[in-house]
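Notes to accompany the following structure.
Numbering (the working numbering), first residue to last: 1446 to 1676.
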């Protein structure tokens, strides 16, 4: 029973690793596709078809008053803000929240937010299509104001009056504003499943050896020797 249980758990972990590997391969295939444009977004393409793809969008930034600073977001080993600002797609028929980059938090005044220069007029940005920033644990309803713990896109859309899409863009490239854009690489973590599988298979082998020892080898080595005296 122990051998069968641990072996089946090892096989289950291998199955999980195979599923993650398939998703990783699909994600890498997405990133190799041509960049998403404002035309793709305005055409209402499926979210799953856009996620993890590169993006090259033309449009204009929303007013700086709509900028949000997500706190407690580490990057490069330091804690600070992820700066988010809506980007109005060229033509004015849609908008998307852009994670513009990371800035450190002020030490002298934790409620003071840095001033981020924003280009006016029509600009072109590059980035990667991504899900909204992950939610951190917080009490109560989503907060408002410039500094927030989490970003709820439906609430943000109501506040700005812009029809924000369910995805975001992690902006890449050089930042003249001094923003850090060292975004973490998205991986499925198959290595953990392979490690767990090795542990379960190791336990299965151990139980097998213990069974053989106690049921066969111990009886053989532990039986009395022939004590018949020599004539």
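For glycine and all other residues, C-beta sits at the position ideal for the given N, C-alpha and C.
Residues that residue i bridges to, as DSSP identifies them
i            : result
residue 1614 : 1543 and 1574
residue 1548 : 1526
residue 1593 : 1515
residue 1569 : 1503
residue 1481 : 1500
residue 1609 : 1540
Alpha-carbon spacing of residue i relative to residue j, whole angstroms
i            : j            : result
residue 1449 : residue 1652 : 10 Å
residue 1519 : residue 1607 : 28 Å
residue 1577 : residue 1597 : 8 Å
residue 1532 : residue 1456 : 46 Å
residue 1638 : residue 1447 : 20 Å
residue 1487 : residue 1542 : 14 Å
residue 1481 : residue 1557 : 35 Å
residue 1656 : residue 1478 : 54 Å
residue 1563 : residue 1505 : 10 Å
residue 1661 : residue 1629 : 54 Å
residue 1539 : residue 1609 : 7 Å
residue 1580 : residue 1560 : 24 Å
residue 1413 : residue 1492 : Coverage of the chain is limited to positions 1446 through 1676, which leaves residue 1413 absent and any answer about it impossible.
residue 1509 : residue 1471 : 36 Å
residue 1595 : residue 1640 : 33 Å
residue 1591 : residue 1604 : 12 Å
residue 1647 : residue 1665 : 26 Å
residue 1650 : residue 1659 : 14 Å
residue 1431 : residue 1502 : Residue 1431 lies beyond the range of the chain shown here (1446 to 1676); nothing can be said about it.
residue 1485 : residue 1602 : 20 Å
residue 1536 : residue 1565 : 15 Å
Anticipated Cβ contact below 8 Å, residue i with residue j, distance rounded
i            : j            : result
residue 1614 : residue 1500 : 5 Å
residue 1645 : residue 1496 : Wrong, their Cβ atoms sit about 32 Å apart, outside the cutoff.
residue 1574 : residue 1612 : 6 Å
residue 1569 : residue 1617 : Between residue 1617 and residue 1569 the Cβ distance is about 13 Å, and since that is not below 8 Å, they are no contact.
residue 1475 : residue 1498 : 5 Å
Neighbour flag for residue i against chain D, beta carbons, 7 Å
i            : result
residue 1456 : The structure shown contains no chain D; it is built from a single protein chain.
Could you say if the stretch 1454-1467 and the stretch 1625-1638 meet the contact criterion of at least three C-beta pairs nearer than 8 Å? The count of Cβ pairs closer than 8 Å, one atom from the stretch 1454-1467 and one from the stretch 1625-1638, reaches three, so the stretches are in contact.
Taking one C-beta from the stretch 1512-1526 and one from the stretch 1549-1556 each time, how about it: are there three or more such pairs within less than 8 Å? When Cβ pairs closer than 8 Å are counted between the two stretches, the stretch 1512-1526 is seen to touch the stretch 1549-1556, the count reaching three or more.
Minimum length 4: unbroken alpha helix (DSSP H) runs contained in the stretch 1485-1535: Counting only runs of 4 or more, we get 1492-1495.
With three or more C-beta pairs closer than 8 Å as the rule, is the stretch 1505-1518 touching the stretch 1528-1536? They touch, by the three-pair rule.
Check whether the stretch 1537-1547 and the stretch 1610-1628 touch, using three or more Cβ-Cβ pairs below 8 Å as the test. The way I'd put it, the stretch 1537-1547 does touch the stretch 1610-1628; three or more beta-carbon pairs between them come closer than 8 Å.
Taking the runs of the alpha helix (DSSP H) that are 4 residues or longer, which of them lie wholly in the stretch 1616-1658? You should have 1635-1657.
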